[in-house]
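Student:
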Amino acid sequence: MKVKVISRSTDEFTRERSKDLQRVFRNYDPNLRPQEKAVEYVRALSAAKLDKIFARPFIGAMDGHIDAISCMAKNPNNLKGIFSGSMDGDIRLWDIASRRTVSQFLGHQGAVRGLTASTDGRVLVSCGTDCTVRLWNVPVATLKESYESSDNSVKPLEVYVWKNAFWAVDHQLDGGYFATAGAQVDIWNHNRSQPVRSFEWGTDTVISVRFNPGEPNLLATSASDRSITLYDLRMSSPTRKLIMQTKTNSICWNPMEPMNFTAANEDSNCYSYDARKLDEARMVHKDHVSAVMDIDYSPTGREFVTGSYDRTVRIFQFNGGHSREIYHTQRMQRVFCVKFSCDASYIISGSDDTNLRLWKAKASEQMGVLLPRERKKHDYHEAVKNRYKHLPEVKRILRHRHLPLPIYKAAALRRTMTEAARMKEERRKAHSAPGSISTRPLRKRRIITEVE
Amino acid sequence: MSEELDLKMKKYLRGGAANLEVLQDKKLKGQLAHRENLYGKSAKAAAKFEKWLMPSEGGYLEAEGPVEKTWRFKQEDIGQAVDISSARNQYDVVLPELGPYTMDFSSSGQYMAVAGRKGHLAIVDMKNFEVRKEFQVRETVRDVVFLDHQLLFAAAQKKYTYIYSPEGIEIHCLKDHGTVLRLQYLKTHFILASVNKFGHLHYQDVSTGASKSYRTGLGRTDVMRVNTVNGVVALGHSGGTVTMWNPNSSAPLVKMLCHHGPVSALAFHPNGHLMATAGKEKRIKLWDLRKYEALQTLPGHANTLDFSQKGLLARGTCSFAEILSGAEHYSRYMNHSMVKGYQIKNLLFRPYEDVLGIGHSMGWSSILVPGSGEPNFDSWVANPFETRKQRREKEVHLLLDKLPPETIMLDPSKIGTVKPARNKEKPTKKEREAEMEAAIEDVKGSITLKNKTKGRNKPSKRAKKKQEIITKVKRPFLEQEMREPQLSRKKQKVCVEDELPKSLQRFTRKKAAT
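In structure tokens:
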């Protein structure tokens, strides 16, 4: 007879010395683990609850300005710094880590309307309602110097005076030109005191301007005649214009898909467009209850942050119709500008109450260096939550956000209004000849026309 | 080689791939296709790494030549052919005064709790065969079960059930359970299930203390087993029925008539869909729980049944234990006759070892059954070489993963699935009537008749007017009714005529001659 019995020697299965790690043996057979799905479900539920327990997105406020903050700029070469300009002409460079002012750039007489950093990050360009464009040298921190708390004032490198008040400025990501928006779109060179070129289409003021990160000669502007215009520097005239029903306050290009841009509109929605096909929006992002003032994309290109007149900051997925996250504080008033930090971890919002606020992009993220075990655990929690997020119990916990009462009521009111309009449309259709009434799809509804 | 790999992969794939053709949402379809791809890859990797992660093949007993049969080998022969440390696992502990012994193993096989009917309770450490703690409770003890949490064990004593710590300290006295005949423990739910002499099934959550009791209504029974795969408790009754229960409903989930006589023993295969039942009419049946039909009927008595981790079935009667094996068709594998006079009380396979523990009227024994235990254990599931620290960590993780009692259902793979959207079914007759009644009530409340003067306001005319309004409301419902039942009445007519025997057909209503 042939016989063999399981015999395990203790030496093989336990550690030799007390300094060694304990031995671990694995058998991935599903038969050893009954009720896998139920265990996963329980883990998804507790992961969702933990997510909510650790959701503390607000890090701190940076105060120092004495008037509302009108614009911000980030420097792609320096992760730690951010520029902010206020309505009284005060421009400051902040150190995000210590939340203090590094240097002040004084000089503007009126409100500072636009700020941007040059390609190499050495020069800061600012424009304002006092019809000037100023260029400043940005102080570079060396390893030995630390940012002192006393503000160092910097004298401007150049001051260019022009004919009209300026509303916005943007620098090419990879070139020497910057564009300002005012009565028309002007293209400037650092060295010339007059714009190199001017573009004009229509008689209304241009209120924002943005260069394409992938194609340095392409720029998008929005004007107060409710239009979005695309310009190409290589051509002598503007290329395409899209007229909507309401004004667009700000535009941002997707850094990972440079042919797409998202426009922050006055009707509290954001519209994503493909620049090659402007007759239909790719996506309508609806969640704000008041005008969306500013928009910025994350460097991953997967989500963007918006700041709105309704005192909230929301984060949307690039292809999602509703916001994934909303940030609000009692002390934060109308949000005029938002920026996503260049490492995709933080959001900086500048608002009416003279403060810049620093938030986490993922509210329950553990900051700092994570051990590999911790990272694995977080990944596992994310994966298990994603698998069961459609089930009612888990969904209820993940979706829950506390909203300030005025926003909750305003959102409810909007819902009833849109619902009523939709029902009216449905009844009209039902009581008229089939095909006589056609509804325009939502993605086209707010567009009036596209002009060459 | 690749066929072997495919077979192993099948185990890790946990069922077939989802049908993505029916999806219309392209984005979702793309995401799910990517995920299916990942599942395939991980199953393949797991199958490939099996040869390093799980090197041992397990025990076996094979007969050489056509004359030798495996069931003729005695334990002495096996003991001589096997190494010394394994031969230590064959022993008899003789304790004649303290009554028939019941036993239970902890989930890793490291500890064994033993209870003699006359009140002897002991915890034995199986690694070095020493008795960790033994004490006498001076009452009848009918059953003992290990609660994996902190090595506690529960003993069903004369009047109540008690929970003891491994040092022998009485921790809880569970009075609600009554006089318990059998205890079972659901490990993942932390639920202690018991059946008492009135046939009441009692569930108790050991971590929170919540409890629920159900009257089975089927009389006194002491045949109870828990199915580890889905957590349902099965009871075998004296009418030959087997009922399955969960803590969420007061009626049994399933009631199967298994035997012509009383059910004497019950056991579940670790895969969850094979059940063995033994009846007093000398039959042992193997049931498929997916289709609820008997796969195999074997002759023989069984006072106790148990399945091993590898699917071997052990049955014990009087002083004879038989082990059956076979993937689809169970046949004799091994026999063991004990000394006459030793009545076997219960049989239990030791987890992760090729050992069968036998509790009998003169103490307890242990015999070797090659091929019964799972050779490769997973340290995160059950570790036979656990240290104290590892055990404490594991308990915390078990508590974090504690399943709520609502997850106990016949098919646990349904958790996390979405109910398919049903098309609106036609309302039943009752519902239609109810709708009609509701419509009539609405109208009745709002009938306002004109106040006519000059003798035109007679009560009879008013009543007629009211009736007109009500029939107007009723009309659409009646029209709907009229349209449908015409078909069913026609069908009925035809059926009735066919069913009648020829002699009575002259009394049926004849069709009009055309």
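In order, the protein sequence lines correspond to chains A and B.
Quick note: the first sequence uses UniProt numbering, first residue 1, plus one each step.
Quick note: the second sequence uses UniProt numbering, first residue 1, plus one each step.
We put the beta carbon where it would ideally sit given N, CA and C, even for glycine.
Predicted, not measured: the structure shown is a model, and the values here were computed from it.
Please list, in chain order, all residues of the same chain as A/Pro255 whose beta carbon is under 7 Å from its beta carbon, the five residues on each side excluded.
Tutor: Cβ within range, chain order: Pro213, Tyr297, Pro299, Gly301.
Student: Alpha carbon to alpha carbon, how far is B/Trp380 from B/Glu386?
Tutor: Going by the C-alpha atoms only, they are around 10 Å apart.
Student: In or out: A/Ile437 buried (at least 16 other Cβ within 10 Å) or exposed?
Tutor: Under this definition A/Ile437 is an exposed residue.
Student: With hydrogens ignored, establish whether the beta-carbon of A/Ser364 is closer than 7 Å to any heavy atom of the ligand FAD.
Tutor: The ligand FAD is not part of this structure, which contains no ligands at all.
Student: Under 8 Å, with one C-beta from each stretch per pair, do the region 78-97 of chain A and the region 387-406 of chain A reach the 3-pair mark?
Tutor: With the cut-off at 8 Å, the region 78-97 of chain A and the region 387-406 of chain A do not touch.
Student: How far does the beta strand (DSSP E) with B/Asp288 in it reach, from first residue to last?
Tutor: 283-288 is the extent of the beta strand (DSSP E) around B/Asp288.
Student: Quick one: list the residues of chain A neighbouring B/Ile367, beta-carbon separation under 7 Å, in chain order.
Tutor: Chain A residues near B/Ile367: none, gap ~11 Å exceeds 7 Å.
Student: Would you call the region 416-424 of chain A in contact with the region 62-74 of chain A, where contact means no fewer than 3 C-beta pairs closer than 8 Å?
Tutor: They do not touch, by the three-pair rule.
Student: Could you tell me which chain A residues have their CB closer than 9 Å to the CB of B/Glu64, listed as they occur along the chain?
Tutor: Near B/Glu64 (Cβ distances below 9 Å), the residues of chain A are Met1, Lys2.
Student: How should B/Trp52 be labelled, buried or exposed, when 16 other C-beta atoms within 10 angstroms of its C-beta is the threshold for buried?
Tutor: When all chains shown are included, B/Trp52 counts as exposed.
Student: Can you tell me whether DSSP reads A/Pro406 as helix, strand or coil?
Tutor: A/Pro406: helix per DSSP, three-state reduction.
Student: If you draw a straight line from the alpha carbon of A/Pro195 to that of A/Leu242, how long is it in whole angstroms?
Tutor: Their Cα atoms are separated by approximately 26 Å.
Student: Could you give the residue range of the beta strand (DSSP E) that holds A/Gln104?
Tutor: Looking at the DSSP string, the run of the beta strand (DSSP E) that includes A/Gln104 is 100-105.
Student: In the DSSP assignment, the beta strand (DSSP E) including A/Val161 goes from what residue to what residue?
Tutor: First-last of the beta strand (DSSP E) with A/Val161: 156-161.
Student: Quick one: grab the DSSP three-state call for B/Asn37.
Tutor: If DSSP states are grouped into helix, strand and coil, B/Asn37 belongs with the helices.
Student: Below 8 Å between beta carbons is the criterion; list the residues of the region 281-311 of chain A that meet it against any residue of chain B, in chain order.
Tutor: Residues passing the 8 Å Cβ filter: none.
Student: Using only alpha-carbon positions, find the residue among B/Leu147, B/Phe146, B/Pro166, B/His149 that is nearest to B/Arg132.
Tutor: Taking only the C-alpha atoms, the option nearest B/Arg132 is B/Pro166.
Student: Residues in the same chain with beta-carbon distance under 6 Å from B/Tyr214, minus the five sequence neighbours each way, listed in chain order, please.
Tutor: Cβ neighbours of B/Tyr214 beyond the five flanking positions: Leu201, Ser250.
Student: Between the region 38-55 of chain B and the region 74-92 of chain B, do three or more beta carbon pairs fall short of 8 Å?
Tutor: Contact between the region 38-55 of chain B and the region 74-92 of chain B is absent, because fewer than three Cβ pairs lie under 8 Å.
Student: If contact means a Cβ-Cβ distance below 7 Å, which residues of the region 26-47 of chain B contact chain A?
Tutor: So the list reads Ala46, given in the order they occur along the chain.
Student: Using 8 Å as the cut-off, can you tell me whether the region 350-365 of chain B makes contact with the region 307-320 of chain B, which would need three or more C-beta pairs spanning the two stretches below that distance?
Tutor: Taking 8 Å as the limit for Cβ pairs, the verdict is that the region 307-320 of chain B does touch the region 350-365 of chain B.
Student: Counting only beta-carbon atoms, is A/Ile6 nearer than 8 Å to chain B?
Tutor: So yes, A/Ile6 belongs to the interface.
Student: From B/Tyr185 to B/Glu431, what does the alpha carbon distance come to, in whole angstroms?
Tutor: Cα to Cα, B/Tyr185 sits roughly 45 Å from B/Glu431.
Student: With 16 as the cutoff for other CB atoms within 10 Å, does A/Lys144 come out buried or exposed?
Tutor: No answer about A/Lys144 holds up, because its pLDDT of 41 lies below 50 and its placement is not dependable.
Student: According to the neighbour-count rule (16 or more other Cβ atoms, all chains shown, within 10 Å of its Cβ), is B/Thr407 buried or exposed?
Tutor: Buried.
Student: Got a sec: is the Cβ-Cβ distance from A/Phe13 to anything in chain B below 8 Å?
Tutor: Closer than 8 Å to some Cβ of chain B, the Cβ of A/Phe13 qualifies, so yes.
Student: So for B/Val369, helix, strand or coil by DSSP?
Tutor: Correct three-state label for B/Val369: coil.
Student: Note down, in chain order, each residue of its chain lying with its Cβ closer than 8 Å to the Cβ of B/Thr471, except the 5 sequence neighbours on either side.
Tutor: Closer than 8 Å at Cβ, skipping near neighbours: no residue.
Student: Could you say which of A/Ala361, A/Ser364, A/Phe336 lies nearest to A/Thr354 if we only look at CA atoms?
Tutor: Checked all of A/Ala361, A/Ser364, A/Phe336; the closest Cα to A/Thr354 is A/Phe336.
Student: What three-state label does DSSP hand B/Gly30 in the structure shown?
Tutor: The answer is helix: DSSP assigns B/Gly30 an H, G or I state.
Student: Would you mind telling me which residues of chain A sit closer than 7 Å to B/Pro375, beta carbon to beta carbon, in chain order?
Tutor: Simply Ile6.
Student: Sorted by chain position, which residues of the same chain lie with C-beta nearer than 6 Å to B/Ala294's C-beta, five sequence neighbours on each side aside?
Tutor: Excluding positions up to five away in sequence, the list reads Lys285, Trp287.
Student: Within 10 Å of its beta-carbon, does A/Met293 have 16 or more other beta-carbons around it, so buried, or fewer, so exposed?
Tutor: Buried: at least 16 other Cβ atoms inside 10 Å.
Student: Considering only their Cβ atoms, is the gap separating A/Thr229 from A/Trp167 smaller than 8 Å?
Tutor: No. Outside cutoff.
Student: Give the secondary structure of A/Lys144 by DSSP, where H, G and I count as helix, E and B as strand, and everything else as coil.
Tutor: Residue confidence is low: A/Lys144 scores 41 on pLDDT, short of 50, so the model does not pin down where it sits. Its coordinate-derived value is still stated next. Of the three classes helix, strand and coil, the one that applies to A/Lys144 here is coil, per DSSP.
Student: Indicate the three-state DSSP secondary structure (helix, strand or coil) for A/Trp253 in the structure shown.
Tutor: Strand at A/Trp253.
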